[in-house]
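For reference, the structure is listed below as structure tokens.
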Amino acid sequence: MKFTKKEFKKANIKKVLSMAMIATLSIGLLSGCGSKKDETKNIGISQLVEHPALDLSKEGFIEGLKEGGFEEGKNLKIDMQNAQGDVPTAQTIANKFVTDNKDLIFAIATPSVQAAKNATSEIPIIFTAVSDPANAKLVKSNENPGGNITGTSDFQNINKSLDAMNKVLPNAKKIGAIFNTSEINSKIQVENLKKSAKERDMEVIDMGVSSTNEISQAVSVLAKKADVIFTPTDNLMAASMPLIVETAKKDKVAVIGSEEAHVQNGALAANSLSYKEIGREAGKMAAKVLNGEDTSKMPVVFTDKARIVVNEKTMKELGIKLENPEKIEFIK
Numbered sequence: 006m007k008f009t010k011k012e013f014k015k016a017n018i019k020k021v022l023s024m025a026m027i028a029t030l031s032i033g034l035l036s037g038c039g040s041k042k043d044e045t046k047n048i049g050i051s052q053l054v055e056h057p058a059l060d061l062s063k064e065g066f067i068e069g070l071k072e073g074g075f076e077e078g079k080n081l082k083i084d085m086q087n088a089q090g091d092v093p094t095a096q097t098i099a100n101k102f103v104t105d106n107k108d109l110i111f112a113i114a115t116p117s118v119q120a121a122k123n124a125t126s127e128i129p130i131i132f133t134a135v136s137d138p139a140n141a142k143l144v145k146s147n148e149n150p151g152g153n154i155t156g157t158s159d160f161q162n163i164n165k166s167l168d169a170m171n172k173v174l175p176n177a178k179k180i181g182a183i184f185n186t187s188e189i190n191s192k193i194q195v196e197n198l199k200k201s202a203k204e205r206d207m208e209v210i211d212m213g214v215s216s217t218n219e220i221s222q223a224v225s226v227l228a229k230k231a232d233v234i235f236t237p238t239d240n241l242m243a244a245s246m247p248l249i250v251e252t253a254k255k256d257k258v259a260v261i262g263s264e265e266a267h268v269q270n271g272a273l274a275a276n277s278l279s280y281k282e283i284g285r286e287a288g289k290m291a292a293k294v295l296n297g298e299d300t301s302k303m304p305v306v307f308t309d310k311a312r313i314v315v316n317e318k319t320m321k322e323l324g325i326k327l328e329n330p331e332k333i334e335f336i337k
């Protein structure tokens, strides 16, 4: 086919216009991708209750997000909510986050995570301060979460807790364990304590409580039967630690906790991990999710970085002297 000079010129003009249109669309698409990447993300933080360990987890989470490229006031909006220890309130918070269509929910402590899970199977949920996510039915398995939920665990090695107990109270044989009956992780820890204690020819006397009002009487009963009182990583116990310590002290019985905050609030000792660190790791995971990674393929993160901490003031008040103070961190 032959073109006239006029037809050839007209065809070239159409070709140029088509190319220009394609170039314009390409630039628009690239610009759109860039704006999506740089858009502000909205996340909700649901904290079960206010106490030092969970507060540190939250601080660490925000730091971890920043390390991952998300900073409040720049490309991140954070809606912080605290249930003040009330599980129905935690559920209300989770439901509101779903209604607000948050890009991600950060849930601190098992009841808050359970509330978030009840509220959504679509919005990504990152958690921390959960001892055993798989047994708590939050994930299919700790290695392969398989859903919209993953995070970092505050799992405590009970044997290491018993090692810490033996280091500061070598003659203790009867352990009184107090825990919150509504926290599944607390029950699991006490069951693990019983198994490990039996292997060491130690006896565990456990008492479950459901509110702060029951704690004083329970501790009084345990203090008269046991050589030492043990508290798991339990939110009710953490919030009530000063009461537990003062009640046990009347019978000159020491309290062995499971985290540094317990010791800061008067417990004699604990084998403690850093809650700020597990919060930071959760923040890094959240940053990856906000950048497009899939929660279902992100294993739950556990840590074995723990050390023995001892409250020096409590030790003196109870008249305890350590024969082997090496590898112990003292808190005054």
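Each residue of the sequence shown is one higher than the one before, counting from 6 in our numbering.
Just so it is clear, CB atoms sit at the ideal spot from N, CA and C, and this is done for glycine as well.
Note that the coordinates shown come from a computational prediction; the quantities given were computed from them, not determined experimentally.
Distance check between Asp91 and each of Val54, Pro304, Ala228 places Val54 closest, using alpha-carbon atoms only.
Counting every other CB atom within 10 Å of its CB across the protein chains shown gives Asn87 a total of 16 or more, marking it as buried. The beta strand (DSSP E) runs of length 3 or more contained entirely in the region 201-244 are, from start to end of the chain, 208-214, 233-235. Bridge pairing for Met85: Ile50 [DSSP]. Annotation: Gln269 to Asn316 spans about 7 angstroms, alpha carbon to alpha carbon. It is roughly 25 angstroms from the alpha-carbon of Asn153 to the alpha-carbon of Lys192.
In this structure, Lys179 lies away from Asp256, with their beta-carbon atoms at least 8 angstroms apart. Taking C-beta atoms under 8 angstroms as the contact rule, Lys289 and Gly69 qualify, at a distance of about 4 angstroms. When DSSP assignments are scanned along the region 58-105, the uninterrupted stretches of beta strand (DSSP E) that are 3 or more residues long and fall wholly within it turn out to be 81-87. As the crow flies, the alpha-carbon of Asp108 is around 25 angstroms from that of Asp159. When the five nearest sequence neighbours on each side are left out, the beta carbons in the same chain lying within less than 8 angstroms of the beta carbon of Asn149 are those of Ser301, Lys302, Pro304, in order along the chain. Judged by their CB atoms, Ile210 and Gly181 are nearer to each other than the 8 angstroms cut-off. For Val258, the three-state secondary structure derived from DSSP is coil.
Minimum Cα-Cα distance from Thr115 among the listed residues Ile128, Leu198, Ala99, Ala134 corresponds to Ala134. Taking 8 angstroms as the cut-off, the beta carbon of Tyr280 is found no closer than this to the beta carbon of Ala121.
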